[in-house]
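Each residue of the sequence shown is one higher than the last, beginning at 1 in the UniProt record's numbering.
Worksheet: the structure to be examined is printed underneath.
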Amino acid sequence: MKRQKRLQENIRNEVVLSPEISKMEYPMIPFDLVIEILVRLPVKSLLRFKCVSKLWCATIQGRSFIRTHMEHSRLVEVYKEDRNTFIHKTSIHGLVVEKSKFSDTYHIRNPSTKQIFHLPCPPDKQCDNMFIIYLPSADKYKLAYVKYDEGTESGVCRVLSPGIDLHWRSIDIPSCTKSPAGVQKRIKTKQIDDMLFLIRCGCWEIVCIEVESECITTVEIPHFLFSGWEDVMTFHWNNKFSLARVEEEKLSFWVLENFKERKWGESKQVVSLNILRKHPNSREFMRKYPNLRELWYIGIKHNCLWICADYENHIAYYVQLGSIHIHSSAPGKKIYSYYTPSLVHIQGMQSEGIHEEEDSKCFLYRFSSLA
1 MKRQKRLQEN IRNEVVLSPE ISKMEYPMIP FDLVIEILVR LPVKSLLRFK
51 CVSKLWCATI QGRSFIRTHM EHSRLVEVYK EDRNTFIHKT SIHGLVVEKS
101 KFSDTYHIRN PSTKQIFHLP CPPDKQCDNM FIIYLPSADK YKLAYVKYDE
151 GTESGVCRVL SPGIDLHWRS IDIPSCTKSP AGVQKRIKTK QIDDMLFLIR
201 CGCWEIVCIE VESECITTVE IPHFLFSGWE DVMTFHWNNK FSLARVEEEK
251 LSFWVLENFK ERKWGESKQV VSLNILRKHP NSREFMRKYP NLRELWYIGI
301 KHNCLWICAD YENHIAYYVQ LGSIHIHSSA PGKKIYSYYT PSLVHIQGMQ
351 SEGIHEEEDS KCFLYRFSSL A
């Protein structure tokens with residue numbers, strides 16, 4: 001309740017009233033109640049309601065209102081559609097990064113507000129692990145991806161601040177000094193909040209990239225964590241990086257507690273997966289997956305383990321409650337990703353053109369809730 005009042009106060013403080021507006025009276029509904037209604041409406045309605053008055057427009061465009069509105073927004077599924085001319089790469093806060101199927105051009109798009117920001121072409125043709133990252137201290141966004149030349153020890157992290165940088169900048173990644181001769185090095189990249197974690201499996205080390213400061217820290221992976229790298233996956237545990245593996249119907253993972261101090265958890269965390277085969281909501285579904293290693297374990301947040309079974313089904317396992325929900329796509333559709341409808345705007349964004357909007361349209365399906 002206190003948090004709700006604080007958000008309302010922040011929204012009111014951000015609204016600058018002109019003398020004319022301050023004299024206006026709203027005898028029927030208190031404006032605090034109006035705000036409570038507005039934050040629960042879809043983006044399309046809010047864009048129309050900006051025309052009601054200067055007060056409404058200033059309120060809807062305020063940062064606190066936009067953040068509160070995102071908390072009430074329902075996730076939207078992005079489907080894989082062959083006729084799209086742009087491919088969904090990554091998303092955050094309703095902003096979607098897309099790449100053209102026919103060229104090396106990228107843009108940031110807000111599908112809800114129909115606004116777009118064209119990005120400078122990256123210097124590398126293959127940018128499969130591109131991320132858009134929010135920097136809360138500056139209330140800004142950055143794009144980043146890691147590029148390694150095949151057969152070499154050298155790598156770079158390319159970063160771009162939309163609306164500020166005209167070209168991509170490079171951060172050199174230090175070479176691995178502990179790589180055994182003849183060992184194949186596999187590269188895995190994981191993004192958590194404003195951090196990028198680069199795992200070099202053959203080197204037994206992690207490169208931690210702080211995207212805001214563009215500083216790099218190298219953390220050694222203790223050999224006792226796992227006997228080898230087969231089936232080891234990157235994992236998200238309550239906003240912390242971890243490494244995980246399925247062992248005997250259990251998900252075992254080690255948490256990197258503090259990357260700056262190079263400190264790992266004292267013991268591994270274990271989550272039993274037997275319930276997936278026994279729970280009535282997932283028992284029938286799990287018959288298709290006799291081997292639990294076939295599933296993709298995304299991470300645990302707010303005591304909910306997210307598991308990707310295939311493009312049609314995602315599993316939400318609430319560990320403490322022992323409950324399971326399966327989120328399935330619309331018939332005949334394949335889930336590629338999710339995004340949250342929002343009013344977020346990046347400086348320099350422009351309205352989509354009519355033809356461009358049709359060509360790059362994502363085919364979306366809204367479902368009730370992931371909570």
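All C-beta atoms, glycine included, are put in the ideal place defined by N, C-alpha and C.
Lys-263 and Pro-341 have their alpha carbons spaced roughly 37 Å apart. Within the DSSP bridge table, the entry for Asp-172 names Val-156 as partners. Secondary structure note for Leu-46: its alpha helix (DSSP H) is the uninterrupted segment 43–49.
By alpha-carbon distance to Tyr-317, the top candidate from Asn-274, Ser-351 and Asp-165 is Asn-274. The bridge partners DSSP lists for His-118 are His-107.
The Cβ neighbour count for Trp-168, taken over all protein chains shown within 10 Å, is at least 16; the residue is labelled buried. Phe-197 is the residue among Glu-248, Phe-197, Ser-272 and Arg-287 whose C-alpha sits nearest the C-alpha of Val-255.
Here Ser-73 has Thr-340 and Pro-341 as same chain residues with Cβ atoms under 6 Å from its own Cβ, once five neighbours each way along the sequence are excluded. Straight across, the Cα-Cα distance linking Asn-313 with Ile-108 is about 27 Å.
Sequence-distant Cβ neighbours of Asp-193 in its own chain, meaning closer than 7 Å and more than five residues away, are Asn-239.
Distance between Thr-218 and Lys-260, taken at the CA atoms: about 9 Å.
Relative to the Cα of Val-271, the nearest Cα in the group Arg-293, Pro-290 and Val-246 belongs to Val-246.
For Thr-68, the three-state secondary structure derived from DSSP is helix. Pro-290 and Lys-188 have their C-alpha atoms spaced approximately 26 Å apart. Arg-40 and Ile-298 have their alpha carbons spaced roughly 28 Å apart.
Residue pairing by DSSP places Asn-258 opposite Lys-263 in a beta bridge. For Gly-62, the number of other beta carbons within 10 angstroms of its own is at least 16, and it is reported as buried.
The stretch 219–235 and the stretch 153–164 do not touch, with fewer than 3 CB-CB distances between them shorter than 8 Å. DSSP, read as helix, strand or coil, puts Phe-102 in coil. Gln-320 counts as exposed, since fewer than 16 other beta carbons sit within 10 angstroms of its beta carbon. Taking the Cβ atoms as the reference, Ile-315 lies roughly 26 Å from Ser-267, outside the contact range of under 8 Å.
Taking the Cα of Asp-310 as reference, the smallest distance to any Cα among Ile-326, Ile-300 and Lys-142 is reached at Ile-326.
Only residues of its own chain outside the window of five on either side were considered, and among them Phe-131 and Ile-133 have a CB closer than 7 Å to the CB of Gln-191, listed in chain order. Spanning the alpha carbons of Thr-90 and Met-28 requires a straight line of approximately 44 Å. Residue nearest to Arg-293 within the set Lys-301, Cys-304 and Leu-276 is Leu-276 (criterion: CA-CA distance). When the Cα atoms are used, Lys-125 and Cys-157 turn out to be separated by approximately 14 Å.
Check the Cα spacing between Ile-173 and each of Thr-234, Leu-343, Tyr-336 and Tyr-145: the tightest is with Tyr-145. Contact check for Trp-229 against Phe-253 fails: the beta carbons are separated by 9 Å or more. Taking each of Ser-161, Lys-334, Lys-288 and Leu-295 in turn and checking the Cα distance to Glu-212, the smallest one comes out for Ser-161.
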